[in-house]
Amino acid sequence: MRSLELGPIRRIAGTVRLPGSKSISNRVLLLAALAHRDTLVRELLEADDTSVMLEALARLGIRWERVAEHSMRVAGGGGTFPVRKTELFLGNAGTALRPLTAALALAGGEYRLSGVPRMHERPIADLVEALRAAGARIDYLGTEGYPPLAIHPAIIRLEGPVRVRGDVSSQFLSALLMVVSLAGGATIEVQGELISKPYVEITLNLMRRFGVTVAREGWRVFRVPAAQYASPGEIAVEGDASSASYFLAAGAIAGGPVRVEGVGGDSIQGDVRFVEVLESMGAEVGLHAAAIEVRGRGKLRPIDMDLNHIPDAAMTAAVMALFADGPSAIRNIGSWRVKETDRIAAMATELRKLGASVEEGADYLRIVPPAKLRAASIDTYDDHRMAMCFSLAALGGVTVRINDPDCVAKTFPEYFQVFAGLATP
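Letter by letter, the sequence shown follows residues 13 to 437 in our numbering.
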């Protein structure tokens, strides 16, 4: 396994053009595949998670072609998939496996869906049970409640409300929202507290772009009409707001100024609210329509924040806590437990290597920064966000070794080159 040494880095400054958002890219690809007419998708993320989605769509008979760098033309299938029997390998991409499970359960074919070993440890029972209640025939091929899955032809009935839990992953609700319009529409009722609401907002926003508007009553009831998706003709993917957080945090820690382009105040992504964390910690933030600028103003202030709405960017906040002048708490992050790794446990372990005292709860971390960071070898758990977050530790006057840095290929293959381009040793 390869490792990468970083730092010590004295200052971070410059401008970054962000890659496309993973969450938007894979939703757009699926909606384009389900739509009538072709869709030109510009600024598409080109990384592992979108590659597995594109490969899956191709195996399902959806034609697509690259027309320029980061631009694909997807031929819409008009609500159906031409191929009615195939096997799909979806890596560790929840944004591919969860919505495709819902789409294929309604497709009338025979499908098998699998992924890497960690994907087979990520729960999917809430989505499967919601689909089964509507008549879907889905079998677990391994551990009950987890992929891999076998999906069989079935008669789907959506006369009554479709009920799905919202407290494990918002992707289950998003998956249902994106497909039930093609089966005559439905009322979807969320049971329990819906987490990560901004990701559902992304889903609803993109569905409107493809011609399907959902009425909702708060975050409990969603009324999806019977409708077919219509291509907008062309759609541009925003820069990834989660990826922006690393560069913005670096600017706050190590002076800046740092400007990220491709995401800003007009963003449909919830992680743009990471600017609230930056401001709470004392950074100077300039929020523009499609860009964000940050400057550091000395030692960071500690925070005690509920970051349920920005779970990915919350990881960046946890590493920023190393640079604060007191203890910080990151709360309501229980969804970290079922991500690419158990991120609460992994984050606590790696922060301690750097000298922090960390209290780990079921859904929170309390981080006491050390008087001085220690050099450390950081394990990344095949989790792209662990690798990118802990690059920030090199701003603390120490050398940090990132083990398996290539795991960033999941969403940002060029991350470390871009990061190095902003650094002054």
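For every residue, glycine included, the Cβ atom is placed at its ideal position computed from N, Cα and C.
Supposed contact pair residue j and residue i - C-beta distance, whole angstroms, cut 8 angstroms
i, j, result
"threonine 98", "leucine 72", "6 angstroms"
"proline 160", "arginine 130", "Not quite, the Cβ-Cβ distance comes to about 13 angstroms (not below 8 angstroms), so this is no contact."
"alanine 325", "serine 257", "4 angstroms"
"glutamate 305", "serine 279", "The pair is not a contact, with the Cβ atoms about 15 angstroms apart (cut-off 8 angstroms)."
"leucine 170", "methionine 219", "Rounded, the Cβ-Cβ distance is 17 angstroms, inconsistent with contact."
"proline 425", "aspartate 252", "About 12 angstroms separates the two Cβ atoms, so there is no contact after all."
"glycine 89", "leucine 116", "About 12 angstroms separates the two Cβ atoms, so there is no contact after all."
"glycine 178", "glutamine 203", "7 angstroms"
"valine 289", "isoleucine 315", "7 angstroms"
"proline 269", "arginine 309", "That pair is no contact at about 11 angstroms."
Where residue i falls: helix, strand or coil (DSSP)
i, result
"isoleucine 36", "helix"
"tryptophan 76", "strand"
"asparagine 217", "helix"
"proline 111", "helix"
"alanine 358", "helix"
"histidine 48", "strand"
"tyrosine 483", "The displayed coordinates of the chain run from 13 to 437. Any statement about residue 483 would go beyond what the structure contains."
"lysine 422", "helix"
"tyrosine 241", "coil"
"valine 287", "helix"
"lysine 311", "coil"
"alanine 148", "coil"
"tyrosine 123", "strand"
"serine 254", "helix"
"glycine 282", "helix"
"aspartate 138", "helix"
Residue closest to residue i, alpha-carbon to alpha-carbon, out of the options
i, options, result
"serine 254", "Gln281, Gly245, Pro269", "Gln281"
"arginine 364", "Gly19, Ala374, Arg378, Asp354", "Arg378"
"alanine 198", "Glu213, Ser181, Val174", "Val174"
"phenylalanine 428", "Val28, Arg22, Met13", "Val28"
"valine 155", "His132, Leu170, Ala303", "The identity of residue 155 in the sequence shown is threonine, whereas the question assumes valine. The shortest Cα separation from threonine 155 among His132, Leu170, Ala303 belongs to His132."
"valine 236", "Asp50, Gly367, Gly196, Val284", "Gly196"
"alanine 341", "Arg349, Glu352, Ala368, Asp395", "Ala368"
"isoleucine 207", "Arg169, Val350, Ala261", "Val350"
"arginine 14", "Ile414, Ala432, Leu434", "Ile414"
"threonine 92", "Leu42, Cys401, Thr215", "Leu42"
"leucine 100", "Pro94, Met65, His82", "Met65"
"alanine 142", "Val380, Ser186, Asp354, Ser126", "Ser186"
"alanine 68", "His82, Val86, Thr51", "Val86"
"arginine 134", "Leu109, Phe402, Asp283, Ala358", "Leu109"
"alanine 374", "Arg386, Pro381, Ile356", "Ile356"
"alanine 383", "Phe335, Cys419, Arg343", "Phe335"
"histidine 300", "Arg285, Gly294, Lys311", "Arg285"
"leucine 366", "Ala330, Ser347, Asp283, Asn344", "Ala330"
Opening and closing residue of the alpha helix (DSSP H) in which residue i lies
i, result
"aspartate 61", "60 to 71"
"threonine 323", "Position check: residue 323 holds proline in this sequence, whereas threonine was assumed. Proline 323 -> alpha helix (DSSP H) spans 323 to 332."
"serine 403", "Note, serine 403: premise wrong, no alpha helix (DSSP H); not H, not E."
"serine 186", "182 to 191"
"valine 412", "Segment 412 to 415 is the beta strand (DSSP E) holding valine 412; no alpha helix (DSSP H) there."
Endpoints, the beta strand (DSSP E) within which residue i is located
i, result
"glutamine 203", "198 to 203"
"histidine 164", "161 to 164"
"phenylalanine 234", "233 to 236"
"valine 174", "174 to 177"
"glycine 433", "Element bounds for glycine 433: not the beta strand (DSSP E) but the alpha helix (DSSP H), 427 to 434."
"isoleucine 247", "246 to 248"
"proline 269", "267 to 273"
"methionine 84", "83 to 86"
"threonine 92", "Where threonine 92 is concerned, there is no enclosing beta strand (DSSP E), given that its DSSP letter is neither H nor E."
"serine 208", "From DSSP, serine 208 is part of no beta strand (DSSP E); its letter is neither H nor E."
"methionine 317", "316 to 318"
Buried/exposed call for residue i, threshold 16 Cβ in 10 Å
i, result
"proline 437", "exposed"
"glutamine 183", "buried"
"lysine 422", "buried"
"glutamate 246", "exposed"
"aspartate 337", "exposed"
"aspartate 60", "buried"
"glutamate 371", "exposed"
"lysine 34", "buried"
"threonine 215", "buried"
"glutamate 362", "buried"
"proline 323", "buried"
"serine 51", "According to the sequence displayed, residue 51 carries threonine and not serine. So threonine 51 ends up on the buried side."
"proline 94", "exposed"
"asparagine 320", "buried"
"arginine 397", "buried"
"aspartate 283", "buried"
"leucine 385", "buried"
beta-carbon residue i near the ligand FAD non-hydrogen atom, thresh 7 angstroms
i, result
"leucine 170", "As presented, the structure is devoid of all ligands, the ligand FAD included, so that no description of it is given."
8 angstroms Cβ cutoff, residue i in contact with chain B
i, result
"threonine 423", "Looking for chain B here will not work: only one protein chain is present."
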